[in-house]
Amino acid sequence: MPNAATADNRRAELTGLISRVAAGDRKALASVYDRTSAKLFGVCLTITQDRDAAEDILQEVYLKVWNRADRFDPERSSPITWLCAIARNAAIDWVRKHGRTAPIKLDTAEAAIASADDSMIAMAASEGRAMIFDCLEALPSNQQQAIRSAYFNGLSHSELAGAMQVPLGTMKSWIRRGLLQLRGCLQDE
Numbered sequence: 004m005p006n007a008a009t010a011d012n013r014r015a016e017l018t019g020l021i022s023r024v025a026a027g028d029r030k031a032l033a034s035v036y037d038r039t040s041a042k043l044f045g046v047c048l049t050i051t052q053d054r055d056a057a058e059d060i061l062q063e064v065y066l067k068v069w070n071r072a073d074r075f076d077p078e079r080s081s082p083i084t085w086l087c088a089i090a091r092n093a094a095i096d097w098v099r100k101h102g103r104t105a106p107i108k109l110d111t112a113e114a115a116i117a118s119a120d121d122s123m124i125a126m127a128a129s130e131g132r133a134m135i136f137d138c139l140e141a142l143p144s145n146q147q148q149a150i151r152s153a154y155f156n157g158l159s160h161s162e163l164a165g166a167m168q169v170p171l172g173t174m175k176s177w178i179r180r181g182l183l184q185l186r187g188c189l190q191d192e
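This note's numbering applies: residue 4 is where the sequence shown begins, and numbers increase by one.
Pasting the structure below:
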């Protein structure tokens with residue numbers, strides 16, 4: 004299986020580079036940038052839908068990598084998953100602060116992943132999905148059902164409240180608490 008071996012080699016190399024970044028090796032950071040910037044730029048661009056913003060965010064991402072490389076744990080996630088999470092979170096923060104010019108479509112993100120020629124992106128997406136579903140399974144059943152229905156089936160809060168026969172405020176509370184627990188779980192991963 005040369006493809007699996009190649010992916011494992013890239014993962015090991017990237018893990019080693021991040022360890023060197025944690026030790027203050029600037030050349031290692033440049034190597035991490037060279038190997039991952041196109042992928043992380045794609046993550047930022049998909050979320051922001053703004054090329055200039057994605058470029059700015061990408062610079063912030065590598066500054067965060069420099070400052071947080073010592074927090075990377077290869078036992079918890081792959082290096083590309085960790086890097087994509089930093090990029091995704093930075094882009095989401097930008098969207099929250101500046102607003103979004105175009106809605107993010109899950110189809111668009113999945114199409115970008117499917118069309119990518121690098122197996123590391125597909126591997127990161129798969130690991131990310133698995134992490135989300137693992138964390139989702141840990142939620143109380145009411146929060147789990149509400150979040151699945153809202154985000155996977157596209158139901159509004161009021162539609163969910165009616166379907167589950169609870170007040171709208173309760174539904175909003177379930178979703179909010181569930182999302183906070185998901186965020187905490189994903190940050191722990």
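Just so it is clear, CB atoms sit at the ideal spot from N, CA and C, and this is done for glycine as well.
Nearest-angstrom beta carbon gap, residue j and residue i [assumed within contact, 8 angstroms]
| i | j | result |
| --- | --- | --- |
| Leu17 | Val35 | 7 angstroms |
| Ala33 | Arg23 | In fact, because the Cβ distance is near 11 angstroms, the residues do not count as touching under 8 angstroms. |
| Leu43 | Cys87 | 7 angstroms |
Residue i in three-state terms, based on DSSP
| i | result |
| --- | --- |
| Ala164 | helix |
| Asp55 | helix |
| Ala153 | helix |
| Asp28 | coil |
| Leu158 | coil |
| Arg14 | helix |
| Leu109 | With a pLDDT of only 47 at Leu109, under 50, the local geometry of the prediction cannot be trusted, and the value read off the model is given with reservation. Helix at Leu109. |
| Phe136 | helix |
| Glu63 | helix |
| Pro82 | helix |
Close beta carbons around residue i, own chain, < 6 angstroms, minus the five adjacent residues each side
| i | result |
| --- | --- |
| Arg179 | none |
| Ala117 | A caution first: Ala117 carries a pLDDT of 48, below 50, which makes its placement in the model unreliable, though a value can still be read off. So the list is empty, once near-sequence residues are dropped. |
| Lys108 | Legend: pLDDT at Lys108 = 49, less than 50; position of this residue unreliable, no value from coordinates given. |
Residue from the options whose Cα sits closest to the Cα of residue i
| i | options | result |
| --- | --- | --- |
| Asn92 | Phe75, Gly165, Thr51, Ser81 | Thr51 |
| Tyr154 | Gln168, Leu139, Gly165, Pro143 | Leu139 |
| Ile95 | Asn70, Gly172, Ala56, Asn156 | Ala56 |
| Pro82 | Met134, Arg14, Gly102 | Arg14 |
| Cys188 | Asn145, Arg79, Gly102, Arg151 | Arg79 |
| Asp73 | Gly27, Val169, Leu171, Gly172 | Gly27 |
| Ile193 | Tyr65, Lys100, Glu58 | Any question about residue 193 goes unanswered here, given that the chain covers just 4 to 192. |
| Asp53 | Ser152, Arg186, Gln146, Gly102 | Gly102 |
| Asp11 | Ile60, Pro77, Gln62, Ser144 | Pro77 |
Close Cβ partners of residue i (< 8 angstroms) along its chain, the five nearest in sequence each way excluded
| i | result |
| --- | --- |
| Ala149 | Leu163, Met167, Met174, Trp177, Ile178, Gly181 |
| His160 | Ala153, Leu171, Met174, Lys175, Ile178 |
| Leu185 | Ile135, Cys138, Leu139, Leu142, Ile150 |
Cβ-heavy atom distance, residue i to the ligand COA, below 7 angstroms
| i | result |
| --- | --- |
| Thr39 | With respect to the ligand COA, the structure shown offers nothing to examine, as it has no ligands at all. |
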